[in-house]
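See below for the structure under consideration.
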Amino acid sequence: MISLLYLSCDDGFFEQIPDDTLTIEQTFKYAITTKGYLANVYSYIPDEHHQRWPGASNAGAWTAGSSEAEYVWNFVGTQTINNGSWTSKDDMVKAYWTNYYQGINKAGVFMENVDKCAELITPTIIDGVSVLEDKRPQFKAEAKALRAIYYFYLFKIYGPVVIMEKNLGPNDTFDEMQKVRNSVDECVDYIVTELMEAAKDLPVKNHVSEVGRITKPVCHAVISQVRLFAASPLYNGNPDYAGMRNSDGKQLIPQTVDRSKWQLAAEAAKNFIDWYVPGTCDLYRSYTDDQKTAIDSYYSYRETVRGDDPLSNKELIFYRMEFDSNGMYELVPYNNGAASEYRGSGGKGATQEIVDAYFMANGLPIEDPNSGYPQAFATSASDYYDPVTGRVLAPKGVSTEWVKREPRFYADITFNGQRWLNTSNGIFVTTMNKSGNSGVDVGGNDYSPTGYIIRKAAPLGGWGVGGRALPLIRLAEIYLNYAEALNEWDFNINKTEILKYLNLVRERAGIPQYGSEAGQIPAPTNYADMQKMIRKERTVELAFENHRYFDVRRWKIAPETENGDMHGMNIKENARAFYNKVVFETRVFTAPKHYFFPIPQDEINRVKLLVQNTGWEQKQ
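According to this note's numbering, the sequence shown is numbered sequentially starting from 601.
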């Protein structure tokens, strides 16, 4: 068992960390081994396209562990989250705790030793003059930022955690490893301070040979995320956790709401915007012509998250350069009878709940009586074309509920009768009814359990083709962070600014903006309605990007969104009966227990000072 606080060389924690001074000296003597060590610290950045195996490669349980999606396979760890059967002894529960603390410790060891590597001081030419360039401050700052980011990941998953005062080594005694959890405010202050300090020694933009490394914008984007979480109801004045205290009585989660934390969140997002937009970062937009007369919204949004060329995509702030292309297998439909490069499993189904979240093409939610959403079942009599580009978005013959939807819907969802993305061997139409080419009778163990398949970030070629980056933070999120924080801070004084950034996201999405001008739709007129619209916009814009799981928890609405019946198409039927919405699963969310992962039980048993999260206290 790899443990945070009980370590030995045999555990694997230190497999890359030398166990004596001589080996440390050798490791940090040479540039190549020093850079390799830093690369190992980077390796803990999660591969979020690997979520079929949550915990492995730090892949999250966040998409199918939320109301966005469902895997067809029972072995996937998210199934235990959804049915409420997970325990503090599960491997998935242990994995994030163990892995991120490994990354934290390795980052600290790197920071302690990188200055020993004189080979990182090299001659370089700047403005025609040969100078000595010392990469050690930058590399140390990268490690410092990564350490802070890994603490933030732990904070999101487990709540307030243990901030380690020193790096642990194989000779540390058991008594030295006994630690208590820090409070929410202590964790937030530490993470923000570390990121601010790291940013001082980092470039705004990396050289092409260092693409994917931590930069100043990455640090400040993560600070925006941290401040948003710290201000949110789960972490800010939460009486559900009044009893969660250390043995000395320290309260781990604040019991009094501090509204100023929303102001800090707004300032953090605005700082990012002021410092980096549009010079360094901007929304990714593709236009219909060289004169930029109109945005191709479907293509712009689709390509924003595909990661084909992160160097030219100014929207991408933080991303993982490589990911396991096996994660594309579940996004590509089974497509029986198609060319091999068209075929996958389609095993990651989108829920009806997320499908219904997308707006209509007129910018209104489907529940709005003026949206035009069909009230009775029918099939379309003709192709539905993108009104800007003329691209076919929904073929003739599909359900009219999937016609005249916003461009993001077509980029994110494969529905029954939709054309597949890969057209290298001609057009192929995916069908997910019982006997369809991707249906339950045909695919064996590979089919969509909901009658929809997630399409976002899906490959344009075969599912096994790699070489793309995996976006982790992009500018649209910062805009939505800012809008949310402004609204929660003070709707009345911030309304104009809120609408500005909400509308920037909607403009790129190709739907009408909020306002009173021609072509716009009425803006929310009060705090509650604005909150609803901001949350809805965030749900759609950031769908399947690992936000929903955490958003509904920090907002404390998970008992409504994650508990109870989840719906999809009737995949066990053909013809008209397929389109009847059915319950595919009844999910269990018990508050406050399921807001956080439990601390791994082995850790609780071993480290007597660790307090378990509320609801998980009993031994399991």
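Heads up, the beta-carbon is just placed ideally off N, CA and C, and yes, glycines get one too.
Would the beta-carbon of Arg-1154 fall within 8 Å of that of Leu-834? Yes; because the gap between Cβ atoms is below 8 Å, this pair is in contact.
Determine whether the beta carbon atoms of Val-932 and Pro-1059 lie at a separation below 8 Å. Annotated as proximal: Val-932 and Pro-1059, with beta-carbon spacing under 8 Å.
Can you check whether the CB of Val-780 is closer than 8 Å to the CB of Asn-846? One thing to note: Asn-846 has its Cβ within 8 Å of the Cβ of Val-780.
Who are Tyr-985's beta bridge partners in DSSP? Tyr-985 is bridged to Val-992.
Does the pairing of the segment 1132-1151 with the segment 1014-1032 give three or more beta-carbon distances under 8 Å? Flag = no, the segment 1132-1151 and the segment 1014-1032 do not touch.
Quick one: what's Val-729 bridged to in DSSP? Answer is Ile-726, bridged to Val-729.
For the alpha helix (DSSP H) containing Lys-740, list its first residue and its last residue. Lys-740 -> alpha helix (DSSP H) spans 736-758.
Tell me, please, whether the segment 872-880 touches the segment 969-988 by the rule of three or more beta-carbon pairs shorter than 8 Å. Contact fails: fewer than three Cβ-Cβ distances are below 8 Å.
Tell me the start and end of each unbroken beta strand (DSSP E) in the segment 1107-1172 that is at least 3 residues and wholly inside, in chain order. Taken in chain order, the complete beta strand (DSSP E) segments of 3 or more residues contained in the segment 1107-1172 are 1164-1168.
For chain D, check one thing: does any of its Cβ atoms lie closer than 8 Å to the Cβ of Ala-669? In the displayed structure, chain D is absent; only one protein chain is listed.
Assuming contact is defined by CB atoms lying nearer than 8 Å, are Leu-802 and Ile-814 in contact in what I supplied? Yes. Within cutoff.
Cβ of Val-1040 within 8 Å of Cβ of Ile-1171? Yes. Within cutoff.
DSSP three-state call for Val-1188: helix, strand or coil? Under the three-state reduction of DSSP, Val-1188 is assigned to coil, being neither helix nor strand.
Under 8 Å between the Cβ atoms of Ala-743 and Ala-707? In this structure, Ala-743 lies near Ala-707, with their beta-carbon atoms less than 8 Å apart.
Quick check on the DSSP output: what are the complete beta strand (DSSP E) runs of length 3 or more inside the segment 668-720, in order along the chain? Complete beta strand (DSSP E) runs here, min 3: 669-671.
Go through its chain and collect everything with a Cβ distance to Val-1188's Cβ below 7 Å, but skip five positions before and after it. Only Asn-683, Gly-684, Asn-1163 meet the Cβ criterion.
Tell me which residue opens and which closes the beta strand (DSSP E) that Arg-1074 is part of. 1070-1074 is the span of the beta strand (DSSP E), which, as asked, contains Arg-1074.
I want to know whether the segment 915-922 touches the segment 934-941 - three or more CB-CB distances under 8 Å. Per the Cβ contact rule, the segment 915-922 is not in contact with the segment 934-941 (fewer than 3 Cβ pairs under 8 Å).
Return the bridge partner residues of Gly-949 from the DSSP annotation. Glu-670, per the DSSP bridge assignment.
Phe-918 by DSSP, collapsed to three states: which one? Strand at Phe-918.
Thinking just about the alpha-carbon of each residue, which of Ile-624, Val-672, Asn-836, Phe-628 is nearest to the one in Leu-1184? The residue asked about is misnamed: residue 1184 is Phe in this sequence, not Leu. The shortest C-alpha separation from Phe-1184 is found at Val-672.
Evaluate Leu-754 with the Cβ neighbour count: other Cβ atoms within 10 Å of its Cβ, from every protein chain shown; 16 or more gives buried, anything less gives exposed. A residue is called buried when at least 16 other Cβ atoms come within 10 angstroms of its Cβ; Leu-754 meets this threshold and is buried.
Using DSSP with H/G/I as helix, E/B as strand and the rest coil, what is Arg-652? Coil, per DSSP.
For Tyr-899, which residues from the same chain have a beta carbon less than 7 Å from its beta carbon, with the 5 sequence-adjacent residues on both sides left out? Short of 7 Å from the beta carbon of Tyr-899, and not among the five residues preceding or following it, lie these beta carbons of its own chain, in chain order: Ser-886.
Three or more C-beta pairs closer than 8 Å, one from the segment 1027-1036 and one from the segment 1000-1011: is that the case here? In the pairwise beta carbon analysis, the segment 1027-1036 is classified as not touching the segment 1000-1011: fewer than three pairs are separated by under 8 Å.
Could you tell me the alpha carbon to alpha carbon distance between Asn-1221 and Met-1166, rounded to whole angstroms? Past the edges of the chain, shown from 601 to 1220, lies residue 1221, and the structure says nothing about it.
Rank Gly-1043, Ile-1157, Arg-902 by C-alpha distance to the C-alpha of Lys-1056 and give the top, closest one. If we check each option's Cα against that of Lys-1056, Arg-902 comes out closest.
Please classify His-807 as buried or exposed, where buried requires at least 16 neighbouring CB atoms within 10 angstroms. Under this definition His-807 is an exposed residue.
Applying the 10 Å Cβ sphere with the 16-neighbour rule, what's the burial state of Thr-621? Confidence in Thr-621 is poor, its pLDDT being 49 and thus under 50, which makes the residue's placement unreliable; the coordinate value appears in the next sentence. By the neighbour-count rule (16 or more Cβ atoms within 10 Å), Thr-621 is not buried but exposed.
So, using beta-carbon positions, are Asp-983 and Pro-974 closer together than 8 Å? No, they are not a contact pair.
Ala-869 and Cys-819 closer than 8 Å at C-beta: No, Cβ-Cβ distance for Ala-869 and Cys-819 is not below 8 Å.
Cβ contact (3+ pairs, closer than 8 Å) linking the segment 1114-1130 and the segment 630-649: No, because fewer than three Cβ pairs between the segment 1114-1130 and the segment 630-649 fall closer than 8 Å, the two stretches do not touch.
Going straight from the alpha carbon of Leu-1099 to that of Thr-1050, what length do you get? The alpha-carbon atoms of Leu-1099 and Thr-1050 are separated by roughly 35 Å.
Tell me which residue opens and which closes the alpha helix (DSSP H) that Val-877 is part of. Counting along the chain, Val-877 falls outside any alpha helix (DSSP H), and DSSP gives it neither H nor E.
With distances taken between CB atoms, is the gap from Leu-1210 to Ile-1199 smaller than 8 Å? It is a contact, given that the beta carbons lie within the stated cut-off.
Got a sec? Which residues, its chain only, sit under 6 Å from Asn-1180 by beta carbon, not counting five neighbours each side? Counting only Cβ-Cβ distances below 6 Å, and skipping sequence neighbours, we find Asn-1170.
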